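Structure first, commentary second.
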Amino acid sequence: MPVNNRIASFQNDMVAWRQHLHEHPELSYQEHETARFVAEKLLSFGIEVTEGIGGTGVVGVLEGNNGEGRSVGLRADMDALAIAEMNDFGYKSKKPGIMHACGHDGHTAMLLGAARYLAETRNFAGRVVFIFQPAEEMGGDDGGAARMINEGLFDRFQCDEIYGVHNWPGMEVGSFAVKAGPMMASGDGFDIAVRSNGMHAAQPQKGCDVVLTAAHIIVALQQLVARNTDPLDALVVSATQIHGGDAYNVIPNEVNIRGTVRAFSPVARANAEPCLRRIAEGICASTGAECEINYTRQYPTLVNEEASTRVAEHVGRSVFKDVNTSPPQTMIVEDFAFLLEKKPGCYAWIGNGPDDNGRILHSAWFDFNDEALPFGASYFAGLVERPVSS
Ligand SMILES: [Zn+2]
Ligand SMILES: [Zn+2]
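Residue numbering for the sequence shown follows my numbering, starting at 264 and increasing by one per position.
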């Protein structure tokens with residue numbers, strides 16, 4: 264068996280923790296019960312605990328028995344999403360409209376599993392910093408990672424390296440994927456307000472039609488990808504919200520378009536904002552509408568550092584049945600990218616089993632696969648227990 268035997272022996276406890284967390288999900292920065300649960304478990308393992316970093320963040324510190332060594336940061340996220348769960352099993356969410364649809368219940372449980380094991384054995388040099396982060400789903404400067412950093416995470420708890428994982432539906436349980444360099448995209452948000460005087464829908468000549476203007480803008484935004492970006496660079500522009508109007512016979516005086524821009528290269532990212540502004544403002548000028556644009560930088564690209572990625576790969580091979588070192592990049596963003604801007608480290612994906620029947624991230628039918636718990640916990644423990652020289 265590739266997973267750590269001792270960790271495998273308390274699989275039932277990890278499953279119970281995971282299902283307890285699943286039943287009691289909490290939104291970003293409201294993870295009060297979750298943080299308490301985590302802190303109590305860490306204390307019961309004999310780990311030193313600091314609460315309230317970055318709102319509801321919890322940090323545990325544990326020294327090894329084998330003398331001086333590196334300080335390894337391990338991070339799990341704790342928040343759930345505003346989604347009404349459609350599953351119907353015993354541990355289904357008890358909170359209407361909130362569910363663990365991204366598997367952070369599993370990430371928290373597997374890091375607690377590693378903490379329990381490492382506290383029991385302490386067979387490592389240096390120390391380990393367990394980082395239970397709030398508000399991963401909020402992201403950006405307001406997200407849990409940035410806020411923990413701003414509140415002194417790395418000043419108060421020195422970390423030489425930092426590691427994290429995300430469960431990945433569509434990858435078999437017991438499989439692992441990692442690669443050096445950019446792995447997940449940057450993500451920025453835009454708000455475009457298109458304004459003019461409203462009018463009777465039957466008399467469009469009496470003003471400027473902001474609905475039609477907004478429609479032109481949404482179509483033209485794809486020019487950013489198709490014509491304004493190097494064809495060898497990846498870029499996604501998705502308009503995800505349109506708000507405006509509430510009658511059949513009135514052209515409203517405002518329409519709002521919101522959406523997201525994803526990129527890997529700094530050039531493509533930097534280029535997107537001025538192009539988006541030019542397109543939206545140019546179309547508004549052509550129809551006579553006013554245009555107000557707010558463009559916010561939200562997530563940096565997630566870039567895995569070379570040496571830490573080799574460590575992750577090496578430890579991954581000792582734990583997982585299958586290690587993929589050339590997984591496709593994804594345009595999904597991840598708050599862990601902020602931590603990787605500050606410290607060398609690596610973010611990896613671990614298999615969550617088939618992605619059929621709605622078992623995809625952020626779906627109302629999602630559920631973390633408990634069979635992945637011992638793999639994730641063993642991987643975390645292996646990162647800490649590896650020889651000092653590696
Ligand atoms: Zn998510
Ligand atoms: Zn997630």
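Cβ atoms here follow ideal geometry from the backbone N, Cα and C, with glycine treated the same way.
The structure displayed is predicted, hence computed values, not measured ones.
1) Measure the alpha-carbon distance for S356 versus A302 and round it to whole angstroms.
2) Rounded to a whole number of angstroms, what is the C-alpha to C-alpha distance between M264 and V651?
3) Would you call the CB atoms of A440 and P637 closer than 8 Å?
4) Any idea which residues DSSP pairs W280 with across the strands?
5) Specify the secondary structure class of C365 as computed by DSSP and reduced to three states.
6) Under 7 Å from any heavy atom of ligand 1, does the C-beta of E289 make it?
7) Can you tell me whether P359 is buried or exposed? The criterion is at least 16 other CB atoms within 10 Å of its CB, across all chains shown.
8) Roughly how many whole angstroms lie between the Cα atoms of G376 and R299?
9) Closer than 7 Å to a non-hydrogen atom of ligand 2 - does that hold for the CB of H367?
10) Going by the CB atoms, is the gap between E424 and G616 shorter than 8 Å?
11) From which residue to which residue does the alpha helix (DSSP H) around A298 run?
12) Is T384 helix, strand or coil when you go by DSSP?
13) Scan the segment 463-534 and note each continuous alpha helix (DSSP H) run of 4 residues or more that stays entirely inside, going in chain order.
14) Verify the contact flag: H625, CB atom, against every heavy atom of ligand 1, threshold strictly below 7 Å.
15) Just confirm the distance between the C-beta atoms of A364 and I346, as a whole number of angstroms; I'd bet it's less than 8 Å.
16) Alpha carbons only, please: which of R622, C422, F583, Q293 is nearest the one belonging to G608?
17) Out of curiosity, what's the CA-to-CA distance linking T503 and I520?
18) Is D630 a contact residue of ligand 2, with contact defined as CB to any heavy atom under 7 Å?
19) Comparing the CB of E399 with every heavy atom of ligand 2, is any distance shorter than 7 Å?
20) Measuring alpha carbon to alpha carbon, tell me which residue in E576, Q486, I270 is nearest P537.
21) Are three or more beta carbon pairs between the segment 452-471 and the segment 580-587 nearer than 8 Å?
22) What would DSSP say about M401, mapped onto helix, strand or coil?
23) Per the DSSP calculation, I412 is bridged to which residue(s)?
24) L539 and F453 - do their beta-carbons sit closer together than 8 Å?
25) Is any beta-carbon of chain D found at less than 8 Å from that of A600?
26) What are the start and end residues of the alpha helix (DSSP H) that includes F273?
27) Does the distance between the C-beta of H429 and the nearest non-hydrogen atom of ligand 2 fall short of 7 Å?
28) Contact between the segment 523-531 and the segment 405-417 is defined here as three or more beta-carbon pairs at a separation below 8 Å; is this criterion met?
With the given structure in hand:
1) About 21 Å.
2) With a pLDDT of only 46 at M264, under the threshold of 50, the placement of this residue in the model should not be trusted; the figure read from the coordinates follows. About 25 Å.
3) In this structure, A440 lies away from P637, with their beta-carbon atoms at least 8 Å apart.
4) Answer by DSSP bridge pairing: none, since W280 is not bridged.
5) Residue state for C365 is assigned as coil, using DSSP reduced to three classes.
6) For ligand 1, not one heavy atom lies less than 7 Å from the Cβ of E289.
7) Its Cβ having fewer than 16 others within 10 Å, P359 is exposed.
8) Looking at the two C-alpha atoms, the distance is approximately 16 Å.
9) Yes, since a heavy atom of ligand 2 falls inside the 7 Å radius drawn around the Cβ of H367.
10) No.
11) The continuous alpha helix (DSSP H) containing A298 extends over residues 295-307.
12) If DSSP states are grouped into helix, strand and coil, T384 belongs with the helices.
13) Counting only runs of 4 or more, we get 473-483, 486-489.
14) Yes, the beta carbon of H625 sits closer than 7 Å to at least one heavy atom of ligand 1.
15) The C-beta separation of A364 from I346 comes to about 5 Å, placing the pair in contact by the 8 Å criterion.
16) Comparing alpha carbon positions, the residue from R622, C422, F583, Q293 closest to G608 is C422.
17) Taking the straight line joining both Cα atoms gives about 8 Å.
18) Taking non-hydrogen atoms of ligand 2 into account, the C-beta of D630 is found less than 7 Å away from none of them.
19) Yes.
20) Of the listed residues, the one whose Cα sits closest to P537 is Q486.
21) Under the 8 Å Cβ criterion, the segment 452-471 does not count as touching the segment 580-587, having fewer than three qualifying pairs.
22) In this structure, DSSP gives M401 a state outside helix and strand, which the three-state scheme calls coil.
23) Per DSSP, none; premise fails for I412.
24) Using a Cβ distance threshold of 8 Å, F453 and L539 count as a contacting pair.
25) No chain D appears in the structure shown, which is made up of a single protein chain.
26) Run containing F273: none; DSSP gives neither H nor E here.
27) Within the cutoff, so yes.
28) The segment 523-531 is not in contact with the segment 405-417.
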